[in-house]
Amino acid sequence: MANIKIDGNELQVPDGITILEAADIAGIEIPHFCYHKELSIRGSCRMCLVEVEKTPKLVPACSTTIKDGMNIFTSSEKVIKNRKGVLEFFLINHPLDCPICDQAGECTLQDYVYKYGSAVSRFTEEKEHFERKKEIGPHVLHYSERCVLCGRCIRFCEEISGTHELARFNRGIRCEVDVFPGKKLDNKLSGNIVNLCPVGAMVSKEFLFKSRVWWLTHTESICPLCSRGCNIEIDSRDNRILRVRPRPNPEVNSQWMCDDGRFGWSFVHREDRLTSPLEREGEELVPINWAQAISLVKERLSFIISNFGREAVAAIASPYLSNEDNYLLRVLLHSVIRSPSMAVYQAAQMEEQIVFPSGFTIEADKSPNLVGAQDVMTVDGKKPISHGKLLKKVASGEVRALYILGGVPRISLPVDEREMLRKVDFLVVHNYAPSELTEWAEVVLPNLTFAEREGTFTNFQGRVQRLKPALLPPGEAKADWEILQEVCQAMGGEMSYPSVEKVFEEIAGAIQGYKSLSYKDLGTQGKVKG
Amino acid sequence: MEDKILLKYIDVPDIQKIKVYQKHDGYQGLAKALKKHKPDEIIELVKASGLRGRGGAGFPAGLKWSFVPKDSGKDVYLCCNADEGEPGTFKDRLLMEKNPHQLIEGIAITAYAVNCHQAYIYIRGEFSQAMKVLEQAIAEAYEHNYLGKNILKQGFHLELSLHPGAGSYIAGEETGLLESLEGKRAEPRLKPPFPASVGLFKGPTVINNVETLSNVPHIIMRGPEWFKGFGTEKSTGTKLFCLSGHINKPGVYELPMGIPLKELIFNYGGGIIGGRKLKAVIPGGSSTPVLTADQVDVAMDFESIQAAGSMLGSAGVIVMDETTCMVDALANLTRFYSHESCGQCTPCREGVSWMAKIVRRIEDGKGLEGDLELLLDICDNISFKTLCPMGDAAIGPVVSFITKFRSEFEDHIRQGRCPIEKDKSIKVRG
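What follows is the structure, encoded as structure tokens:
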């Protein structure tokens with residue numbers, strides 16, 4: 325440990341950290357552009373220069389290691405003048421097009437200029453001009469004129485994605501970031517560059533001109549598109565998602581997310597979202613109300629139970645739905661109907677795992693909650709069977725009624741599995757849109773996507789993380805656990821869960837590994853199960 | 002007494018050929034170093050000679066070598082900085098074109114001293130003639146076993162590669178040079194770590210100027226005391242002075258350190274063209290602060306010039322006579338620095354180009370009241386705040402030109418035109 329002084333505050337900090345990190349511990353902001361926690365240190369923006377006693381020159385806080393007895397001044401006259409100077413330098417050629425810049429409102433340059441800069445410009449020359457809105461990749465647009473040349477994007481492509489598409493070209497005032505000739509910024513992590521950019525130089529093609537950022541509602545949630553469960557923020561407006569960004573979680577996704585997750589949420593706004601329960605009439609599915617739907621399910625299940633026995637009713641849990649949803653399916657089968665025929669839909673989508681040089685990994689399993697679904701469907705240490713095995717029981721006539729939780733964004737069932745679904749006497753499916761699963765269903769109950777959902781996913785590491793609803797459900801669609809609770813009650817069950825939290829409490833009491841967890845304590849970063 | 006070290010044999014026909022070089026004591030220094038001295042002794046000899054870097058900063062060479070860690074476990078590199086690009090400087094090219102073996106020998110001895118087995122000459126891309134000569138000389142040196150394996154059967158081996166520069170001023174800044182040598186853009190690195198500990202390919206690295214290294218064989222051969230017989234107490238040896246500008250006999254002159262500037266200009270340089278009046282001198286390459294005509298009594302050594310408010314730098318002496326418009330000259334210099342800024346660090350990239358635009362505007366008769374205060378404040382915002390020394394190199398002329406020739410700048414602004422009657426025979430690109 326080293327004893328240092330920052331702006332008169334004496335504190336003890338670990339050896340070997342930088343002035344910037346020490347100031348952070350002391351709660352003192354040192355403005356900076358090129359420094360980024362996850363990237364190598366470049367020291368080129370010169371914004372973070374601070375004064376150190378007995379050192380004649382200002383030193384960069386980002387790269388200067390603290391020494392015992394160091395006396396640091398972060399707002400001395402010299403430091404303040406430098407900040408003003410650097411900001412003025414940035415602004416002389418900056419277009420000041422904030423009113424039409426996507427970054428306005430969350431722009432580091434804008435914020436720093438308000439805080440540390442000068443209100444008037446001394447620059448009377450012609451500004452430098454560059455090509456605007458250059459398409460450098462499928463997701464990213466580059467506005468060179470707004471660039472502060474911090475080089476974060478370049479270092480990201482070198483150090484995190486390892487894809488090396490970007491570099492600085494030309495010198496001096498004509499220096500600009502661009503893709504190498506013949507290359508495109510086309511890698512699975514390219515969207516992160518938009519977030520890394522402290523200004524509006526790298527902007528998202530998808531989000532361009534969609535909204536001023538201050539109109540957005542931010543919801544902390546979890547990406548549902550692979551088993552890593554990157555921590556995300558859903559930015560929405562008027563009940564529509566406008567963009568998704570990663571939230572830092574060092575245990576899961578560092579500061580990043582992949583483009584599959586970042587841009588893969590369009591299914592939420594599918595035109596054909598299911599908005600009311602549906603009943604099959606011949607080839608058609610016709611809308612009914614919830615009371616009708618629940619009593620229909622009750623009637624048909626009861627019929628099967630009384631004619632073929634409890635075990636003739638089976639259920640398939642979904643790795644795309646939350647622990648709470650799947651747990652209620654278990655309650656229905658295990659506690660209310662008392663049938664042991666429970667499976668988890670498995671290996672829905674497996675793609676090649678992608679590991680980047682930084683260690684960031686896109687998982688092969690494209691479902692967000694396989695671990696959790698299996699956990700909550702495990703009864704007395706007996707693991708659920710695979711859905712394939714269960715479908716064989718359907719083929720043999722052992723199973724007559726099938727209750728399937730869907731929620732799968734992209735699915736393709738093998739032909740034989742699809743054919744087996746035809747054989748069931750009664751098929752009820754929860755889903756948010758028509759799919760191969762709903763094709764033969766007698767009753768379809770409209771559920772929610774991740775964006776409307778509350779609850780927990782357990783990622784591939786066993787980290788239990790909370791989803792929060794960013795949008796209101798479309799029409800009469802409901803959360804699966806709510807639907808299942810109504811079915812349970814209709815079937816004679818006496819359980820009552822007023823909230824997801826109550827369901828989670830019961831999971832914590834009943835499921836191996838979840839005992840030490842409480843819903844509130846999961847917080848925004850999640851907790852690893854025991 | 003002999004008065005030359007480096008240029009002593011410059012006029013010997015075919016001195017570029019190894020046979021001729023050998024006849025003029027060639028490679029005797031290397032033989033002596035390998036056979037009679039341990040590497041540490043070489044460092045001590047060079048320290049004792051007082052040899053200081055000739056690239057501009059004047060850092061003691063032996064001391065620099067002693068910073069190389071002995072036990073890093075990594076390969077040590079030696080880079081000869083032959084990216085001579087400071088305007089007004091043209092001495093290294095001469096040394097390479099005229100006496101390449103002297104440099105190669107100096108490199109071999111230095112490599113031996115710092116336990117380096119791979120050395121590079123990073124040579125300015127435009128120096129095609131020097132490259133041709135060096136390539137030939139390096140091949141000869143390999144043939145005669147002054148380079149390669151088991152040099153002179155003394156168990157020391159050294160590979161020497163010639164690397165053409167990538168065409169920018171900033172590639173001559175030592176860490177920019179290292180980046181360029183590694184195949185990247187010549188963008189200077191943040192220091193620390195210094196190249197002596199983390200340099201080329203992350204190995205300990207010594208970077209020395211052509212002129213510095215060319216002195217080494219002579220120091221080893223004749224001893225530090227002999228070397229100290231040249232120059233002043235703290236600036237030992239001779240110096241190659243590059244005379245250019247409004248002078249009758251421009252060229253490279255090897256003279257002992259400490260020679261008065263006046264003597265250099267008027268005796269050796271033959272005075273000002275057309276008998277006109279001297280107006281100003283840049284003493285050490287374009288980045289060093291300008292001196293006025295009444296400062297020319299200064300002695301040309303590191304300490305004396307520093308005392309006069311400038312720097313010896315690369316000893317590129319640029320002489321300007323009364324027909325020179327100082328605003329025009331400064332516009333030319335700032336344009337150069339603006340063009341050569343690598344662009345990675347903010348004050349240099351933005352500030353230098355801004356200054357260039359303002360100075361150009363003043364020269365074009367569109368100067369505004371307050372421009373000079375603005376320029377000086379921009380300089381203050383660059384001064385000691387950039388990542389590498391180029392920011393300070395760029396403001397050196399601006400601050401000194403404005404301070405020393407302020408009235409001329411004010412005349413431009415007040416009259417809205419350039420009031421100087423220029424020598425039209427000299428063309429300056431705008």
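Residue numbers (our numbering), protein chains in the order written: chain B, 325 to 854; chain X, 2 to 431.
For each residue, glycine too, the CB sits at the ideal point set by N, CA and C.
Owing to the predicted nature of the structure, the values given are computational and were not obtained by experimental measurement.
Between Ser-442/B, Gly-486/B and Cys-358/B, which has its C-alpha nearest Pro-681/B's C-alpha? On the first sequence, residue 681/B is found 357 positions in, with the first residue counted as 1. Cα-wise, what sits closest to Pro-681/B is Gly-486/B.
Using a Cβ cut-off of 8 Å (strictly closer), state whether Leu-265/X contacts chain B. Within the second sequence, the letter at position 264 stands for residue 265/X. So, not an interface residue.
Going by DSSP, what residue range makes up the alpha helix (DSSP H) through Asn-333/X? As a position in the second sequence, residue 333/X is number 332, starting the count at 1. Asn-333/X -> alpha helix (DSSP H) spans 327-341.
Considering just the uninterrupted stretch of the alpha helix (DSSP H) at Ser-315/X, what are its terminal residues? Translated into the one-based positions of the second sequence, residue 315/X becomes position 314. Looking at the DSSP string, Ser-315/X is not in any alpha helix (DSSP H), and its letter there is neither H nor E.
Could you spell out the range, first to last residue, of the beta strand (DSSP E) harbouring Arg-787/B? Translated into the one-based positions of the first sequence, residue 787/B becomes position 463. For Arg-787/B, the enclosing beta strand (DSSP E) begins and ends at 787-791.
With a CB to CB cut of under 6 Å and the five nearest residues on each side skipped, what residues in its chain are close to Cys-369/B? Here residue 369/B is taken as the residue at index 45 of the first sequence, counted from 1. Cβ within range, chain order: Phe-357, Cys-358 and Cys-474.
Does Cys-419/X come within less than 8 Å of chain B when only Cβ atoms are used? Within the second sequence, the letter at position 418 stands for residue 419/X. Using a Cβ-Cβ cut-off of 8 Å, Cys-419/X does not count as an interface residue toward chain B, since no Cβ of chain B sits closer than that to its own.
Go through its chain and collect everything with a Cβ distance to Ala-167/X's Cβ below 7 Å, but skip five positions before and after it. Translated into positions along the second sequence, residue 167/X becomes position 166. Take Ala-167/X, set aside five residues on each side of it, and the residues of its chain with a beta-carbon closer than 7 Å to its own are Gly-126, Ser-181 and Ala-187, in chain order.
Could you tell me the boundaries of the beta strand (DSSP E) in which His-754/B lies? Counting from one through the first sequence, the residue named residue 754/B turns up at place 430. Looking at the DSSP string, the run of the beta strand (DSSP E) that includes His-754/B is 750-755.
For the 8 Å Cβ check, are there 3 or more pairs between the stretch 309-325 of chain X and the stretch 240-249 of chain X? Result yes; three or more Cβ-Cβ pairs closer than 8 Å.
Please look up how many angstroms separate the CB atoms of Ser-311/X and Leu-292/X, rounded, as I've assumed it's under 8 Å. If you number the second sequence from 1, residue 311/X lands on position 310. If you number the second sequence from 1, residue 292/X lands on position 291. Between Leu-292/X and Ser-311/X the Cβ distance is about 6 Å, and since that is below 8 Å, they are a contact.
With a threshold of 8 Å on Cβ separation, who are the neighbours of Gly-63/X within its own chain once the five nearest residues in sequence on each side are excluded? Here the question's residue 63/X lines up with position 62 in the second sequence. Counting only Cβ-Cβ distances below 8 Å, and skipping sequence neighbours, we find Ile-44, Glu-45, Leu-46, Val-47, Lys-48, Ala-49, Ser-50 and Leu-52.
Could you pull the start and end residues of the beta strand (DSSP E) that Cys-81/X belongs to? Your numbering for residue 81/X matches position 80 in the second sequence. Run containing Cys-81/X: 78-83, per the beta strand (DSSP E) assignment.
From the DSSP output, in three-state form, read off Asp-559/B for me. What you label residue 559/B is simply residue 235 of the first sequence in a count that begins at 1. Reduced to three states, the DSSP call for Asp-559/B is strand.
Per-residue contacts from Cys-346/X into chain B (C-beta, under 7 Å): Counted from its first residue, the second sequence places residue 346/X at position 345. Taking the beta carbon of Cys-346/X as reference, the chain B residues within 7 Å of it are Ser-368 and Arg-370, listed in sequence order.
Under 8 Å between C-beta atoms, does Phe-402/X make it to chain B? Residue numbering aside, residue 402/X sits at position 401 when the second sequence is read from its first letter. It does not; no Cβ of chain B falls within 8 Å.
Proximity test, Cβ basis, 8 Å: Val-410/B and chain X: Translated into the one-based positions of the first sequence, residue 410/B becomes position 86. Chain X places a beta carbon closer than 8 Å to that of Val-410/B, counting this residue as a contact.
Looking at chain B, is there any beta carbon in it that lies within less than 8 Å of the beta carbon of Asn-382/X? Residue numbering aside, residue 382/X sits at position 381 when the second sequence is read from its first letter. Cβ-Cβ to chain B under 8 Å: yes for Asn-382/X.
Using 8 Å as the cut-off, can you tell me whether the stretch 333-345 of chain X makes contact with the stretch 388-405 of chain X, which would need three or more C-beta pairs spanning the two stretches below that distance? In short, these stretches touch, since the Cβ pair count reaches three.
Pairing CB atoms from the stretch 623-630 of chain B with CB atoms from the stretch 586-602 of chain B, are three or more of them under 8 Å? Under the Cβ criterion (8 Å, minimum of three pairs), the stretch 623-630 of chain B does not count as touching the stretch 586-602 of chain B.
Are the CB atoms of Gln-155/X and Lys-9/X nearer to each other than 8 Å? On the second sequence, position 154 is the one that residue 155/X refers to. On the second sequence, position 8 is the one that residue 9/X refers to. Going by beta carbons, Gln-155/X and Lys-9/X fall outside the 8 Å limit.
If you run the structure through DSSP and keep just helix, strand and coil, what is Tyr-359/B? On the first sequence, position 35 is the one that residue 359/B refers to. Residue state, collapsed to three classes: coil.
List the endpoints of the continuous beta strand (DSSP E) containing Asp-880/B. With chain B running from 325 to 854 in the structure shown, residue 880/B is simply not present.
Report the three-state DSSP secondary structure of Gln-336/B (helix, strand or coil). The residue given as residue 336/B occupies position 12 in the first sequence. Look at Gln-336/B here: in three-state DSSP terms it is strand.
So Cys-439/X and Thr-206/X are supposed to be a Cβ contact under 8 Å. How far apart are they, rounded? Chain X is shown from 2 up to 431; residue 439/X falls before or after that span and cannot be answered.
Can you give me the C-alpha to C-alpha distance between Ser-305/X and Gly-59/X, rounded to a whole angstrom? In the second sequence, residue 305/X corresponds to position 304, counting from 1. In the second sequence, residue 59/X corresponds to position 58, counting from 1. The straight-line gap from Cα to Cα measures roughly 13 Å.
Checking 8 Å against the spacing of the C-beta atoms, do Leu-31/X and Tyr-121/X come in under that value? Translated into the one-based positions of the second sequence, residue 31/X becomes position 30. Translated into the one-based positions of the second sequence, residue 121/X becomes position 120. No. Outside cutoff.
Where DSSP assigns a beta bridge to Cys-346/X, which residues make up the other side? Position 345 of the second sequence, counted from the first residue, corresponds to residue 346/X. Looking at the DSSP output, Cys-346/X bridges to nothing.
Taking Cβ-Cβ distances shorter than 7 Å, what residues in chain X pair up with Asn-417/B? To locate residue 417/B, count along the first sequence from 1; it is residue 93. Against Asn-417/B, the close residues of chain X are Glu-351, in the order they occur along the chain (beta-carbon pairs closer than 7 Å).
With DSSP collapsed to three states, give me the class of Pro-261/X. Mapped onto the second sequence, residue 261/X falls at position 260. Three-state result, Pro-261/X: strand.
In this structure, how does DSSP classify Met-301/X when only helix, strand and coil are distinguished? Residue mapping note: residue 301/X aligns to position 300 of the second sequence, counting from 1. In the structure shown, Met-301/X sits in a strand (DSSP, three-state: E or B).
Do Pro-218/X and Gly-107/X have their C-beta atoms within less than 8 Å of each other? Within the second sequence, numbered from 1, the residue matching residue 218/X stands at position 217. Within the second sequence, numbered from 1, the residue matching residue 107/X stands at position 106. Cβ atoms of Pro-218/X and Gly-107/X: closer than 8 Å.
Could you tell me the distance, in whole angstroms, from the CA atom of Gly-585/B to the CA atom of Arg-552/B? Taking the first residue of the first sequence as 1, we reach residue 585/B at position 261. Taking the first residue of the first sequence as 1, we reach residue 552/B at position 228. One Cα belongs to Gly-585/B, the other to Arg-552/B, and the distance between them is close to 11 Å.
Exposure label - Met-325/B; buried when at least 16 CB within 10 Å: Sequence index remark: in the first sequence, residue 325/B carries index 1 (1-based). With fewer than 16 other Cβ atoms inside 10 Å of its own Cβ, Met-325/B counts as exposed.
Using the beta-carbon of each residue, which ones in chain X are nearer than 7 Å to Lys-891/B? One cannot answer for residue 891/B here, as it falls past the ends of chain B, which runs 325 to 854.
What would DSSP say about Ser-630/B, mapped onto helix, strand or coil? The sequence position of residue 630/B within the first sequence is 306, counting from 1. Residue state, collapsed to three classes: helix.
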